[in-house]
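In order, the protein sequence lines correspond to chains A and B. Just so you know, we're using the numbering used here here: the first sequence kicks off at 21 and counts up by one. Just so you know, we're using the numbering used here here: the second sequence kicks off at 480 and counts up by one. Ideal Cβ positions, reconstructed from N, Cα and C, are used throughout, including at glycine. Since we're looking at a predicted model, the values are computed, not measured. To start, the structure under review is shown below, and the notes come after it.
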Amino acid sequence: MKIRIGVASAALALGLSSLAAAQDGMAERRDKKLKSEFLTKASWILDFAKACEESKKSGKPIFAYFTRSYAP
Amino acid sequence: MKFSKDYVLYCNITTHVETDKDQELLEAKGGDGFPYLIFMDSEGNILAKHEEERDAQGFAKTGEKAKAFLALKAKAAKGDKAAKVDLVIAQLELGHFGAEEAQKKLSGLGTLSKAQKAKLDGLLVAAEIREILKTVTREKDTQREAGKKFLEMKKAGKPAPEGDEAQPYWILILNNAEEDKDVTVFAEALQALKAKYGDNPQAAQFFQAKEAVLKKLREEKK
Numbered sequence: 021m022k023i024r025i026g027v028a029s030a031a032l033a034l035g036l037s038s039l040a041a042a043q044d045g046m047a048e049r050r051d052k053k054l055k056s057e058f059l060t061k062a063s064w065i066l067d068f069a070k071a072c073e074e075s076k077k078s079g080k081p082i083f084a085y086f087t088r089s090y091a092p
Numbered sequence: 480m481k482f483s484k485d486y487v488l489y490c491n492i493t494t495h496v497e498t499d500k501d502q503e504l505l506e507a508k509g510g511d512g513f514p515y516l517i518f519m520d521s522e523g524n525i526l527a528k529h530e531e532e533r534d535a536q537g538f539a540k541t542g543e544k545a546k547a548f549l550a551l552k553a554k555a556a557k558g559d560k561a562a563k564v565d566l567v568i569a570q571l572e573l574g575h576f577g578a579e580e581a582q583k584k585l586s587g588l589g590t591l592s593k594a595q596k597a598k599l600d601g602l603l604v605a606a607e608i609r610e611i612l613k614t615v616t617r618e619k620d621t622q623r624e625a626g627k628k629f630l631e632m633k634k635a636g637k638p639a640p641e642g643d644e645a646q647p648y649w650i651l652i653l654n655n656a657e658e659d660k661d662v663t664v665f666a667e668a669l670q671a672l673k674a675k676y677g678d679n680p681q682a683a684q685f686f687q688a689k690e691a692v693l694k695k696l697r698e699e700k701k
């Protein structure tokens with residue numbers, strides 16, 4: 021029983037560390053995307069709630085551009 | 480640039496980082512690929528979907544559609560009956576609600592014009608098809624069931640869809656017809672698909688295979 025728990029814990033730890041590494045990779049790609057020229061050249065809001073708030077305040081509609089960073 | 484002065488620019492990035500916000504927003508707003516460009520009001524309701532060229536002129540054109548929707552909404556709010564009908568039709572087209580709710584909203588708004596009725600009929604069919612497609616999974620039973628419902632809609636005289644719904648509609652009808660060895664329906668579905676996608680070189684192999692199926696079905700019927 022103790023050995024099985026040990027093996028299970030090791031597998032879980034390995035799985036979790038792989039997941040963490042994958043997440044780090046995703047975060048890196050996101051950070052790279054955030055430095056894109058189109059984002060830095062204009063005032064893009066990246067938080068939806070804030071965009072809605074700004075739209076309500078200014079009376080302007082929202083132009084939403086959906087893109088991704090996890091793949092090219 | 481004038482465009483950025485008339486609109487609030489919002490960028491949503493699907494990152495797959497678990498802790499990042501708004502990761503489900505793409506799907507919630509009807510997007511299924513990238514890039515996806517829409518105009519929304521301050522409550523997140525879609526005002527227009529960008530289907531033009533991705534350049535300044537194209538964005539400005541769609542922006543005008545968004546402004547036209549807001550103007551229509553204001554006109555309907557003032558009590559204009561025709562505008563109220565047009566607004567429901569526009570909202571249905573943008574996916575604000577489904578077929579059932581659209582019909583509830585339209586009852587009591589009086590007689591529709593010929594043009595309004597034609598547009599509405601097409602949109603109601605598309606909305607109904609989208610609802611049915613939500614039930615379709617990789618399980619063959621769900622696909623068969625959906626194809627069966629589409630054929631029933633067709634037999635009931637409802638117009639076939641012209642937009643994005645056309646492909647799954649005809650494919651599922653085609654698949655059922657092949658299984659049921661219904662030559663007439665198979666031929667009709669194949670013809671409809673060829674009319675829409677026959678020029679696409681990527682579909683050549685598919686059509687070649689289905690022509691062979693049709694030939695076999697006709698021979699078996701003799």
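For residue 533/B, the secondary structure class from DSSP, reduced to helix, strand or coil, is coil. Residue 524/B has its alpha-carbon roughly 25 Å from the corresponding atom of residue 495/B.
With a threshold of 8 Å between beta carbons, residue 511/B makes no contact with chain A.
Taking the beta carbon of residue 66/A as reference, the chain B residues within 9 Å of it are 489, 490, 491, 492, 500 and 501, listed in sequence order.
Residue burial is scored here from C-beta neighbours: residue 34/A has fewer than 16 other C-beta atoms within 10 angstroms and is therefore classed as exposed. Contact annotation: the region 610-628 of chain B does not touch the region 588-601 of chain B, with fewer than three C-beta pairs closer than 8 Å. Residue 596/B holds the alpha-carbon nearest to the alpha-carbon of residue 568/B among 596/B, 549/B, 553/B and 701/B. Not a single CB atom of chain B sits nearer than 8 Å to the CB of residue 37/A.
Residues of the region 53-65 of chain A with a C-beta less than 8 Å from any C-beta of chain B: 53, 54, 59, 62, 63, 64 and 65, listed in chain order. Using a Cβ distance threshold of 8 Å, residue 83/A and residue 489/B count as a contacting pair.
Residues are counted here when their Cβ sits less than 8 Å from a Cβ of chain A; for the region 512-544 of chain B these are 513, 514, 515, 516, 517, 518, 519, 520, 521, 522, 523, 526, 538 and 542, given in chain order. Taken through DSSP and simplified to helix, strand or coil, residue 90/A comes out as coil. Ranked by Cα distance from residue 675/B, the options 640/B, 651/B and 621/B are led by 640/B. Around residue 508/B, the same chain offers 515, 517, 519, 523 and 525 as residues with beta carbons nearer than 8 Å, after the five sequence neighbours per side are excluded. For a Cβ distance threshold of 7 Å, residue set 487 of chain B lies close to residue 78/A, ordered along the chain. If you draw a straight line from the Cα of residue 566/B to the Cα of residue 555/B, it is about 7 Å long. Cβ proximity to chain A below 8 Å picks out nothing from the region 567-598 of chain B. Assigned with DSSP and collapsed to three states, residue 548/B falls in helix.
Across the set 661/B, 497/B, 552/B and 505/B, the C-alpha of 661/B shows the shortest separation from the C-alpha of residue 692/B. About 4 Å separates the CB atoms of residue 521/B and residue 75/A; that is less than 8 Å, so the two are in contact.
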